[in-house]
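Shown next, in structure tokens, is the structure this report addresses.
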Amino acid sequence: MSAPKKLFIKTYGCQMNVYDSERMAEALGPSGYVTTDSADDADMILLNTCHIREKAAEKIYSELGRFKPLKAAKPDLKIGVAGCVAQAEGEEIMRRQPMVDLVVGPQSYHRLPALEAKAGGGAKALDTDFPEEDKFDHLAARPKAKRAPTAFLTVQEGCDKFCAFCVVPYTRGAEVSRPVDRILTEARDLVERGVREITLLGQNVNAYHGAGPDGDWSLARLIWDLNGIDGLERIRFTTSHPNDMSDDLIAAHGECEKLMPYLHLPVQSGSDRILKAMNRKHTAESYVRLIERIREARPDILISGDFIVGFPGETDADFDDTMALIEEVNYGQAFSFKYSPRPGTPAAERSMVEAAVADDRLQRLQALITKQQRAIQDAMVGRTVKVLFEKPGRLEGQMVGKSDYLHAVHVTGEVATGDIRPVRITESGPNSLGGEIVAG
Ligand code: SAH
Ligand code: SF4
Ligand code: F3S
Numbered sequence: 016m017s018a019p020k021k022l023f024i025k026t027y028g029c030q031m032n033v034y035d036s037e038r039m040a041e042a043l044g045p046s047g048y049v050t051t052d053s054a055d056d057a058d059m060i061l062l063n064t065c066h067i068r069e070k071a072a073e074k075i076y077s078e079l080g081r082f083k084p085l086k087a088a089k090p091d092l093k094i095g096v097a098g099c100v101a102q103a104e105g106e107e108i109m110r111r112q113p114m115v116d117l118v119v120g121p122q123s124y125h126r127l128p129a130l131e132a133k134a135g136g137g138a139k140a141l142d143t144d145f146p147e148e149d150k151f152d153h154l155a156a157r158p159k160a161k162r163a164p165t166a167f168l169t170v171q172e173g174c175d176k177f178c179a180f181c182v183v184p185y186t187r188g189a190e191v192s193r194p195v196d197r198i199l200t201e202a203r204d205l206v207e208r209g210v211r212e213i214t215l216l217g218q219n220v221n222a223y224h225g226a227g228p229d230g231d232w233s234l235a236r237l238i239w240d241l242n243g244i245d246g247l248e249r250i251r252f253t254t255s256h257p258n259d260m261s262d263d264l265i266a267a268h269g270e271c272e273k274l275m276p277y278l279h280l281p282v283q284s285g286s287d288r289i290l291k292a293m294n295r296k297h298t299a300e301s302y303v304r305l306i307e308r309i310r311e312a313r314p315d316i317l318i319s320g321d322f323i324v325g326f327p328g329e330t331d332a333d334f335d336d337t338m339a340l341i342e343e344v345n346y347g348q349a350f351s352f353k354y355s356p357r358p359g360t361p362a363a364e365r366s367m368v369e370a371a372v373a374d375d376r377l378q379r380l381q382a383l384i385t386k387q388q389r390a391i392q393d394a395m396v397g398r399t400v401k402v403l404f405e406k407p408g409r410l411e412g413q414m415v416g417k418s419d420y421l422h423a424v425h426v427t428g429e430v431a432t433g434d435i436r437p438v439r440i441t442e443s444g445p446n447s448l449g450g451e452i453v454a455g
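Quick note: the sequence shown, position 303, residue 318 per my numbering, numbers continuous.
Encoded structure:
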């Protein structure tokens, strides 16, 4: 048997790319590849890319430039670009970086083995179709090896919302839900291999409506079924859109014991004028009321969000509305970005807010979020929370894991990866909590 070839995958962007990278590595197994952590000894380098903001997309070209000497030293090294830049820019990537052998869009990963076989030695392979067939049906079955206690599982992909700033509907395509039986099979398989927490993924995960044994199932229905899997202890999902937050899903947050008290629910802006210009199809008020209903169902839930500042047309008054919404909601976590115009999206045609103004707004927004985040985190001190331990910490004898609220928690003591233990929180640092395991 010939020695296995080495595959180096570098992943950018969202959790779905993390999931996809794993699937791509598995798909290339039968072609003789095993993964490596170093680009230097790789036979194939695959960049799984993100197109969401200009910086993310441009980074790919500088990263490719860094591989030039490797390719020069090893001419049969194959270099591939996958993910959302691959979908958005296609052949243009090979024009800008001729050393790229292969370009594959997110809906064509099941064709990766054939593309890999074709590419190299001067031959190029490109696939950015949106094929009719379900790519997940064709991706190789997972090897039965033991794995980390937390895993992602894609249940829905693509988006039909067309927010005016966003490339996702173009790079991931139309909204598609995977059938229930495939998801349950994959979840059981993960649990058999040691997984205790599953995060269900979708660009619009709460719009999930996959085919079940008795018609289409909602995300809540799916979560209730996953709740019945022995050995699975925690369920999370991301990312949701406010307009798809259905009554059964809100209720599940109060009733379903394995569904964790954490919800990522992006609002983007607190100004109705800007929300309209963004084509978000909800108001600031409807979002705040929604959060109230969710908190009625689950009072201790930690809310996380996404914000864009400096969207075209955003005035000081609009920004003040965003700050007021943040004050009202009180976020435990939030991701905030300066607006970045993306080719092909409606907002890219509009005139930009001055960069210095946008920078200043971003700073002020982030300061407010950090303050809220720290206060919520500090209030954990003295409480006992359950922690799923994931890996050793930086210090000798230390283990780190995540609480139900997704706070990173470190302890010193006798715990193993995969254990879930009650921890009394004793300290709150900038990025994590510290605590002691409660005997019992
Ligand atoms: N599907 C998810 C997330 C999409 S991308 C959702 O609907 O919420 C993640 C975040 O990136 C978005 O929530 C938004 O805040 C940000 N984002 C998307 N496009 C952007 C752009 N053009 N400029 C700046 N931030 C952007
Ligand atoms: Fe993008 Fe999310 Fe809007 Fe869809 S709902 S267009 S993924 S920001
Ligand atoms: Fe980026 Fe594509 Fe995810 S653009 S955020 S990798 S869906």
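Glycine included, every Cβ here is placed at the ideal spot set by N, Cα and C. On a predicted model such as this, the values are computed, not experimentally measured, just so you know.
Notebook entry, point to check: Roughly how many whole angstroms lie between the Cα atoms of V344 and C99?
Noted result: 32 Å
Margin query: So the candidates are R162, L62 and P327; which of them puts its Cα closest to the Cα of A202?
Written below: R162
Notebook entry, point to check: Would the beta-carbon of C181 be found less than 7 Å away from any heavy atom of the ligand SAH?
Noted result: yes
Checklist line | Between the CA atoms of E104 and I24 - distance to the nearest angstrom | finding: 19 Å
Checklist line | Alpha-carbon spacing of G136 relative to D91, whole angstroms | finding: 6 Å
Notebook entry, point to check: Excluding sequence positions up to five away, which residues of its chain have a Cβ less than 6 Å from the Cβ of H66?
Noted result: A72, C99, V100, A103, V182 and T186
Next item on the list: Measure the Cβ-Cβ separation of H256 and R313 and say whether it is below 8 Å.
Entry: no
Margin query: For I440, report the span of its beta strand (DSSP E) as first-last.
Written below: I435 to S443
Note to self: Distance check for D321 and T254, CA to CA, integer angstroms please.
What the structure shows: 10 Å
Checklist line | Buried or exposed by the 16-neighbour rule on C-beta atoms within 10 Å, applied to R376 | finding: buried
Item checked: Proximity winner among H425, P327, Y420 and G408, relative to F180 (alpha-carbon distances) -> P327
Next item on the list: Specify, as a first and last residue, the run of the alpha helix (DSSP H) that T385 falls within.
Entry: A370 to D393
Notebook entry, point to check: Contact between the region 34 to 41 and the region 73 to 80: three or more CB pairs below 8 Å?
Noted result: no
Next item on the list: Could you tell me if D419 is buried or exposed, where buried requires 16 or more neighbouring beta carbons within 10 angstroms of its beta carbon?
Entry: buried
Notebook entry, point to check: Is Q378 buried or exposed, if buried means 16 or more other CB atoms sit within 10 Å of its CB?
Noted result: exposed
Margin query: Here's the rule I'm using: 16 or more other beta-carbon atoms within 10 Å means buried, otherwise exposed. How should P113 be labelled?
Written below: exposed
Check: Roughly how many whole angstroms lie between the Cα atoms of A18 and I94?
Finding: 20 Å
Check: For the putative contact between A140 and D116, defined by C-beta atoms under 8 Å, what is the C-beta separation to the nearest angstrom?
Finding: 7 Å
Checklist line | L168 versus E148, T143, L130 and Q218, residue with shortest Cα-Cα distance | finding: Q218
Check: Which runs of the alpha helix (DSSP H), 4 residues or longer, sit entirely within the region 162 to 228?
Finding: 183 to 186 and 195 to 207
Notebook entry, point to check: What is the C-beta distance between S284 and L290, in whole angstroms, given that I count them as a contact (C-beta under 8 Å)?
Noted result: 5 Å
Item checked: Contact between the region 444 to 451 and the region 410 to 427 (3+ Cβ pairs under 8 Å) -> yes
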